[in-house]
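J.: Supplied in structure tokens, the structure appears directly below.
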Amino acid sequence: MATNSATTAITPSSPFLLRFFSPTYHFPDPSNRTLPQILSWPDTRLESSHDYIQLLFPLPEHSAFASAPIVTQQIAEAFAASEELRGELRRAFGRMMVFYGLEVNVSSTGTTVVTATERVHTSPSRWLSRFNHNHLRITRIIRSLRVLGCGDEASAFWRYLLESDDVKKAVSARSLMYWKRAAERGLHLPPDEDDDGAEGVKWLQDWEDRVSGMKEV
Numbered sequence: 001m002a003t004n005s006a007t008t009a010i011t012p013s014s015p016f017l018l019r020f021f022s023p024t025y026h027f028p029d030p031s032n033r034t035l036p037q038i039l040s041w042p043d044t045r046l047e048s049s050h051d052y053i054q055l056l057f058p059l060p061e062h063s064a065f066a067s068a069p070i071v072t073q074q075i076a077e078a079f080a081a082s083e084e085l086r087g088e089l090r091r092a093f094g095r096m097m098v099f100y101g102l103e104v105n106v107s108s109t110g111t112t113v114v115t116a117t118e119r120v121h122t123s124p125s126r127w128l129s130r131f132n133h134n135h136l137r138i139t140r141i142i143r144s145l146r147v148l149g150c151g152d153e154a155s156a157f158w159r160y161l162l163e164s165d166d167v168k169k170a171v172s173a174r175s176l177m178y179w180k181r182a183a184e185r186g187l188h189l190p191p192d193e194d195d196d197g198a199e200g201v202k203w204l205q206d207w208e209d210r211v212s213g214m215k216e217v
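Next comes the structure, spelled out in structure tokens:
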């Protein structure tokens with residue numbers, strides 16, 4: 001849902017998530033952590049800490065962490081309009097891919113591609129297993145990327161997960177189901193919603209309808 005605009009106006013009174021991701025502000029979270037600081041953590045800390053993934057990949061739904069920021073329509077539209085904000089989100093995505101023993105590249109045709117490195121089996125995340133808390137993180141990452149205008153990255157990650165023999169051998173069908181929902185469902189429906197006919201997030205449904213209508217014109 002990204003637009004062609006290069007920047008969006010972010011001020012000291014803008015919503016927290018916009019200031020947190022803004023290269024101009026890099027506003028700290030309530031624990032006094034900035035985005036660059038979190039991205040500089042070693043893999044061991046990324047594995048053992050559990051309250052940062054909600055900052056790096058926010059969602060339009062509430063999570064188990066009551067203080068986790070929520071993506072509103074205003075925030076989603078700001079990301080759609082700002083290459084700078086999406087660029088910072090891509091940095092976060094790239095860091096998490098390294099954490100998982102993966103890497104992100106762009107092919108000669110301009111397609112974003114996620115591939116495994118030799119570290120995929122030795123990462124402290126140990127995500128290549130049947131059940132692992134990182135599977136929930138992966139669901140969140142894919143959905144957040146889509147909601148905030150980085151659909152190419154979300155699709156690339158999902159293609160890797162879908163086609164990887166390592167994933168097929170190690171990961172449960174349940175985790176794959178949630179990843180598929182995060183990657184392919186309408187944005188208004190969260191992956192943990194079992195009813196395909198549920199209303200979901202109303203503003204995302206309206207937004208999707210508007211975008212679909214624009215494509216048909």
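Here the working numbering is used: the sequence shown runs in plain steps of one and ends on residue 217. Just so it is clear, CB atoms sit at the ideal spot from N, CA and C, and this is done for glycine as well.
1) Are there 16 or more other CB atoms within 10 angstroms of the CB of valine 106, so buried, or fewer, so exposed?
2) Find the nearest neighbour of serine 172 within the set Gly110, Pro30, Asn132 and Ala66, judged by alpha-carbon distance.
3) What are the partner residues of isoleucine 70, as DSSP defines its beta bridges?
4) Go ahead and pull the three-state DSSP assignment for valine 106.
5) What span of residues does the beta strand (DSSP E) with threonine 112 cover, start to end?
6) Output needed for threonine 112: all residues of its chain with C-beta closer than 7 Å, excluding positions within five of it in sequence on either side, in chain order.
7) Is isoleucine 53 closer than 8 Å to arginine 143 when the C-beta atoms are compared?
8) Could you work out which residue in His50, Ala68, Arg130 and Asp43 is closest to methionine 96 when comparing CA atoms only?
9) Taking Cβ positions, are tyrosine 160 and threonine 122 nearer each other than 8 Å?
10) Considering Cα atoms alone, identify which of Phe57, Pro124 and Arg130 is closest to lysine 169.
11) If we call anything under 8 Å between Cβ atoms a contact, is cysteine 150 one with arginine 210?
12) Which same chain residues, not among the five before or five after glutamate 88, have their C-beta less than 8 Å away from its C-beta?
13) Leaving out five residues before and five after serine 14 in sequence, what residues of the same chain have Cβ atoms less than 7 Å from its Cβ?
14) For my contact list, phenylalanine 27 and proline 69 are in at a C-beta cut-off of 8 Å; report their separation, rounded to the angstrom.
15) If you draw a straight line from the alpha carbon of leucine 176 to that of valine 167, how long is it in whole angstroms?
16) Please report the Cβ distance between serine 125 and phenylalanine 99, rounded to the nearest whole angstrom; I am assuming they are in contact, meaning their Cβ atoms lie under 8 Å.
17) Assuming alanine 182 contacts proline 191 under a Cβ cut-off of 8 Å, what Cβ separation, rounded to an integer in Å, is found between them?
18) Once you ignore the five residues that flank arginine 233 on each side, which residues in its own chain have a CB closer than 6 Å to its CB?
19) Is the beta carbon of leucine 189 sitting closer than 8 Å to the one on proline 60?
20) Counting only runs of 3+ residues fully inside the segment 109 to 164, write out the beta strand (DSSP E) ranges in chain order.
21) Work out the CA separation of phenylalanine 93 and leucine 162 for me, nearest whole Å.
T.: Judging by the given coordinates:
1) exposed
2) Nearest option by C-alpha distance: Asn132.
3) Leu59
4) strand
5) 112 to 116
6) Val104, Val106, Asp152, Glu153 and Ala156
7) no
8) Asp43
9) No, the pair does not count as a contact, with Cβ atoms beyond the cut-off.
10) Arg130
11) no
12) For glutamate 88, where only same-chain residues beyond five positions count, the Cβ hits under 8 Å are Phe21, Ser22, Pro23 and Leu35.
13) Annotation for serine 14: no residue places its beta carbon closer than 7 Å to its own, counting only its chain and skipping 5 residues before and after.
14) Taking 8 Å as the upper bound for CB-CB distance, phenylalanine 27 and proline 69 are not in contact here, some 11 Å apart.
15) Distance between the alpha carbons of leucine 176 and valine 167 is about 9 Å.
16) 6 Å
17) 5 Å
18) Only positions 1 to 217 of the chain appear in the structure, and residue 233 is not among them; the question remains open.
19) No, they are not a contact pair.
20) 112 to 116
21) 18 Å
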